[in-house]
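This report concerns only the one structure given below.
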Amino acid sequence: MILERMFIGASTVFVSLMLGSCSKSIQDSPGFLDQNGDGVEDIIYEFEGDFYYELVDRNFDGEIDESHKYGLDDRIVSSKVDSNLDGYLETSIFYEFGTVSKVNVDRMRDGQVDISFAYSEGEVIFADKYYHQTDEGAARIGRIDFEFGYPVSNEIIMETEVSSAEFSTAASVGR
């Protein structure tokens, strides 16, 4: 398994391309949109101080699949995405000046980052995955390097003394 990165990376690019900046001032639009005409709100906008949130039900099941935070200048700040539509927003995407800067994934659904992608100028440069300690062995961290958004190395896995919480904290604040 190559860190489950190809799917998540492709999802991140897809989400980023779909979202970008709003073409119309969000403050001039209604507080919700019905994308499929069934009378149920599929995209909801909520305002809070200097930010607003776009909440999206991608598959029209009544559950939020994406939550995007924007500044009032319509520039995206962060997102949370349910990449596999299982009801849990496991993927957190962070932006700097509207460009992806970091993506973290909580695939174990325990509130801890398990996979972290580092970006430079909107392009993934490496990805780290935390492998939890098992009865068979110590905890490990795997890394794949990227160039031009594509993997250029096999996953290199090394044992680590770092706990899941320490990995999650480091991924959340940056490196």
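Going by this note's numbering, the first residue of the sequence shown is number 420, and it counts up by one from there. Here a beta-carbon is modelled for each residue, glycine too, at the ideal position from N, C-alpha and C. Predicted model only: the values in this text are computed from it and were never measured.
Coil, strand or helix - residue i by DSSP
{"i": "Ala558", "result": "coil"}
{"i": "Val459", "result": "coil"}
{"i": "Ser587", "result": "helix"}
{"i": "Val592", "result": "helix"}
{"i": "Thr579", "result": "coil"}
{"i": "Leu504", "result": "coil"}
{"i": "Asn478", "result": "coil"}
{"i": "Asp484", "result": "coil"}
{"i": "Asn389", "result": "Residue 389 lies beyond the stretch modelled for the chain, which goes from 420 to 594, so this question has no answer here."}
Reference residue i, options the options, closest by Cα
{"i": "Glu555", "options": "Ile462, Glu578, Glu542", "result": "Glu578"}
{"i": "Asp525", "options": "Ser502, Val592, Val543", "result": "Ser502"}
{"i": "Asp505", "options": "Val522, Val496, Val543, Ile483", "result": "Ile483"}
{"i": "Glu540", "options": "Gly568, Ala557, Asp547", "result": "Gly568"}
Residue-level contact to chain D via CB, residue i, 9 Å cutoff
{"i": "Val543", "result": "Here there is only one protein chain, and chain D is not present."}
Backbone CA spacing between residue i and residue j [nearest angstrom]
{"i": "Leu508", "j": "Ile462", "result": "16 Å"}
{"i": "Thr518", "j": "Ile560", "result": "27 Å"}
{"i": "Glu467", "j": "Val581", "result": "37 Å"}
{"i": "Val500", "j": "Arg477", "result": "10 Å"}
{"i": "Gly490", "j": "Thr553", "result": "43 Å"}
{"i": "Phe545", "j": "Gln454", "result": "36 Å"}
{"i": "Phe479", "j": "Glu473", "result": "15 Å"}
{"i": "Leu452", "j": "Asp564", "result": "40 Å"}
{"i": "Ser598", "j": "Glu566", "result": "Any answer about residue 598 is impossible in this case: the structure gives the chain only from 420 up to 594."}
{"i": "Ser587", "j": "Glu460", "result": "34 Å"}
{"i": "Ser535", "j": "Gly456", "result": "37 Å"}
{"i": "Met425", "j": "Phe516", "result": "Low local confidence applies: a pLDDT of 42 at Met425 is under 50, so the model's placement there is unreliable, and no value is given."}
{"i": "Ile575", "j": "Ser583", "result": "18 Å"}
{"i": "Ala590", "j": "Asn523", "result": "7 Å"}
Beta-carbon gap between residue i and residue j smaller than 9 Å
{"i": "Ser498", "j": "Val532", "result": "no"}
{"i": "Val543", "j": "Tyr514", "result": "no"}
Supposed close pair residue i, residue j - CB separation, criterion 8 Å
{"i": "Tyr538", "j": "Ser520", "result": "5 Å"}
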